[in-house]
């Protein structure tokens with residue numbers, strides 16, 4: 013007989029075990045979850061154990077939902093049912109239980125970012141009443157394409173190192189920050205600031221454009237405050253290329269964050285995407 017329960021802060025071991033039993037079979041190339049990695053997700057993504065849930069068959073975990081919570085809403089960060097227990101309603105029950113809890117405790121907005129290649133997951137969320145709000149696109153930067161356009165990247169201003177704290181102190185993060193995926197929102201940038209480097213184009217008066225990146229080939233944020241056809245961003249990307257070789261991924265870009273046309277001008281091309289679904293919590 014199946015049973016379900018929400019978790020507590022002392023259930024990290026259970027959640028790690030449930031993820032390794034239920035999530036890992038679908039993603040064998042990912043490293044196993046560990047207590048240390050789970051605790052980092054609490055710090056970086058605001059995963060809340062009380063927004064996580066495990067389904068059991070006897071004492072064995074057969075399903076798991078990992079929820080992260082911020083004032084803006086709750087993210088269904090991961091949800092998985094063990095392959096031997098699929099299509100028995102466990103995933104739907106986990107989602108409806110979370111919705112019922114949030115209808116009472118809040119916040120009422122629930123979102124999920126699903127790879128558009130995972131058709132069963134997309135079908136699950138659609139059947140549970142989630143509505144697609146946007147397509148988050150993964151982009152890869154083509155360095156040759158950038159170099160061909162390099163002459164257009166000469167602008168007035170100085171390229172300087174910049175940190176997340178510098179941007180926050182200048183009022184360039186927070187409410188003015190554009191809409192982004194959960195893993196690149198301001199809260200995550202702040203939590204991971206020691207792992208993030210940055211460059212900015214600065215005039216005598218202000219920062220006019222900036223780029224944040226992580227070693228290993230990930231662009232975290234790319235913003236300009238000047239209408240210049242992307243010239244300042246090209247200048248920053250050219251400087252990044254001088255500092256770090258290899259391909260850079262700009263993942264899960266929301267269409268409101270920076271336009272596809274600008275990214276293509278800069279030398280990016282799409283390589284995949286995630287569907288952003290949303291729902292409002294409601295009681296059964």
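Residue numbers (my numbering): 13 to 296.
Cβ atoms here follow ideal geometry from the backbone N, Cα and C, with glycine treated the same way.
All of these numbers come straight from a predicted model, not from anything done at the bench.
query                                                                                                    : result
Beta carbon of residue 222 nearer than 7 Å to that of residue 212                                        : yes
Exposed unless 16 or more other CB atoms sit within 10 angstroms - verdict on residue 73                 : buried
Residues near residue 201 in its chain [Cβ-Cβ closer than 6 Å; skip 5 each side]                         : 176
Residue 69 to residue 14 span [Cα, whole Å]                                                              : 5 Å
Terminal residues of the alpha helix (DSSP H) in which residue 137 lies                                  : 131-139
Cβ neighbour criterion (16 or more within 10 Å) applied to residue 286                                   : buried
Span of the beta strand (DSSP E), counted from its first residue to its last, around residue 210         : 208-214
Same chain, Cβ closer than 6 Å to residue 205, neighbours up to 5 away in sequence not counted           : 176
Bounding residues of the beta strand (DSSP E) (the contiguous stretch that carries residue 144)          : 143-153
Residue environment, residue 220, which counts as buried when at least 16 other CB atoms sit within 10 Å : buried
Continuous alpha helix (DSSP H) stretch holding residue 233: start and end                               : That residue, residue 233, is in no alpha helix (DSSP H); its beta strand (DSSP E) goes 230-236.
Stretch pair the region 22-30 + the region 41-55: three plus CB contacts closer than 8 Å                 : yes
Simplified DSSP state of residue 114, which is helix, strand or coil                                     : helix
Own chain, CB closer than 7 Å to residue 296, minus 5 neighbours either side, in chain order             : 108 and 112
Contact check, residue 119 vs residue 141, beta carbons under 7 Å                                        : no
DSSP beta-bridge partners of residue 122                                                                 : 86 and 291
Reference residue 198, options 23, 143, 21 and 57, closest by Cα                                         : 57
Short Cβ contact (7 Å threshold) for residue 269 with residue 192                                        : yes
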